[in-house]
Each structure stands twice: as C-alpha cells, then as structure tokens.
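For the sequence shown, position 38 matches number 79 in our numbering, and the numbering has no gaps at all.
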Amino acid sequence: PNQVAEKVASRIAEGFNDTALIMVDNTKFTVECVEPAIHVYELHENKWRCKDPHVDFCEDWTEAQRIAASLLDSKSYETLVDFDNHLDDIRNDWTNPEINKAVLHLC
C-alpha cells in the first residue's frame, strides 16, 4: 500500500483491535475474479504486511461473487463512501450502512 493508505489505516488501528488494510486491484477485479484482486494487510510491529493472496479470505467465494455481481448490477458503487469522502465531509458515512443492508438482504 502507499504511504497515505498506511497512515490512514494506522490511525484507524489506534482505535480498533485487529485492524486490516484491504486494497482492491481494480485491474483484476471482475465478476469472474480469476486472479486475486483483494490484498489484505495486517499490522505487525508497526508495519503493514500483506497476507498470502492465495489464502481463501472468504468462507463461500461463490456466494461472495454472486453478491458482488448483484451489487455491481445495481450500481451500488455509485453510492459508496470511502474514507477520503468522509475526510472531505464528515457527514459522509464511510461505514456504508445502505450497502451493508443490501448485502444482508442478498445473503
């Protein structure tokens, strides 16, 4: 991850145990997801270390792909608020409750 991502994630880690930094490689992110597109980093000794991208991060990858495809079809990404949006205007909720509701509904 870049320095900005590490800095933001480190600040979040100050207030939350077991923080993970998750980065998505948009060039590899497709509905099929043949190659790992998600990279998970864990904080160890004040350094962000990448977990093995071939480790299965998801209990049910097929179900996750179905839900992701549905969210892409409904264009949920248009309402996605990332942490940068939140920093620009703290009224923007970076926890994305509406998208989370949609995910729970699809489960």
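We put the beta carbon where it would ideally sit given N, CA and C, even for glycine.
Give the straight-line distance between the Cα atoms of residue i and residue j, rounded to the nearest whole angstrom.
i       : j       : result
Leu-121 : Glu-86  : 32 Å
Ala-61  : Glu-47  : 10 Å
Cys-148 : Lys-116 : 18 Å
Tyr-153 : Ala-54  : Given a span of 42 to 148 for the chain in the structure shown, any question on residue 153 remains unanswerable.
Val-144 : Phe-70  : 18 Å
Asn-133 : Asp-123 : 9 Å
Asn-126 : Trp-89  : 23 Å
Asn-43  : Met-64  : 10 Å
Phe-57  : Glu-73  : 33 Å
His-80  : Trp-102 : 15 Å
Glu-119 : Leu-128 : 18 Å
Asp-59  : Glu-139 : 24 Å
At which residues does the alpha helix (DSSP H) containing residue i begin and terminate?
i       : result
Leu-112 : 102-114
Val-49  : 44-56
Phe-124 : 124-129
Ala-78  : No alpha helix (DSSP H) contains Ala-78, which DSSP labels as neither H nor E.
Glu-73  : Where Glu-73 is concerned, there is no enclosing alpha helix (DSSP H), given that its DSSP letter is neither H nor E.
What is the DSSP secondary structure of residue i, counted as helix, strand or coil?
i       : result
Leu-84  : strand
Glu-119 : helix
Asn-137 : coil
Per the DSSP calculation, residue i is bridged to which residue(s)?
i      : result
Ala-61 : Glu-83
Cys-91 : Tyr-82
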